[in-house]
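Trainee: Pasting in a structure now, in structure tokens, and then I'll have a few things to ask.
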Amino acid sequence: MLALICGYALVLTGCDEERTGGEVVGPLLGPRVAESVLALEVIDGVPVGITDIFVQGEDVHLWVHWEDLHPPHEAEAFWFDPFAEQVGFTVLEITGRAAEQITVFTLELTGFSETGRWDVELYLDGEFQRSHSFLVVDILPG
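In our numbering, the protein residues as written are 7 to 148.
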């Protein structure tokens, strides 16, 4: 009877609370993105000014650190404006022998680029890896 009462109490308290969950996915095998960020610049392979807000006329750099690569591979970035229209893409051939590589993809915004939320999608050998969303504004807030 006590178990039934405790179970009922858990159901009652659980109805009004936020719920969370998770799962273990792995082990990770094969080539993968270890880390990726958007930045204002990349200097000597290092992202500088990591952000997700860019002003019209700036360059958007997608910096990607790859692990467990055994080249050759083809990395692709597809850029989408706020209307989900593809506005550009870049294909990089990864041919170096190192298992870890850095790639940098760049979108050159114009002074007339649409403001709003943009997206970039990253693929390796035609398989989706991840995406980033960023905001393009006409002037920085604050």
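Note that the Cβ used here is the ideal one computed from N, Cα and C, for glycine as well.
On the three-state DSSP scale, how would you describe ALA40?
Mentor: Three-state DSSP puts ALA40 in a strand.
Trainee: Would you report the Cα separation of GLU99 and HIS79, rounded to the nearest angstrom?
Mentor: One C-alpha to the other measures close to 6 Å.
Trainee: With a cut-off of 8 Å on the beta carbons, I'd call ARG123 and PRO147 a contact; round off their distance for me.
Mentor: With 8 Å as the limit, ARG123 and PRO147 do not qualify as a contact, their Cβ atoms being about 15 Å apart.
Trainee: Mark PHE111 as exposed unless 16 or more other C-beta atoms lie within 10 angstroms of its C-beta, in which case mark it buried.
Mentor: With 16 or more Cβ atoms within 10 Å of its Cβ, PHE111 is classed as buried.
Trainee: Quick check on DSSP: helix, strand or coil for ARG25?
Mentor: ARG25: coil per DSSP, three-state reduction.
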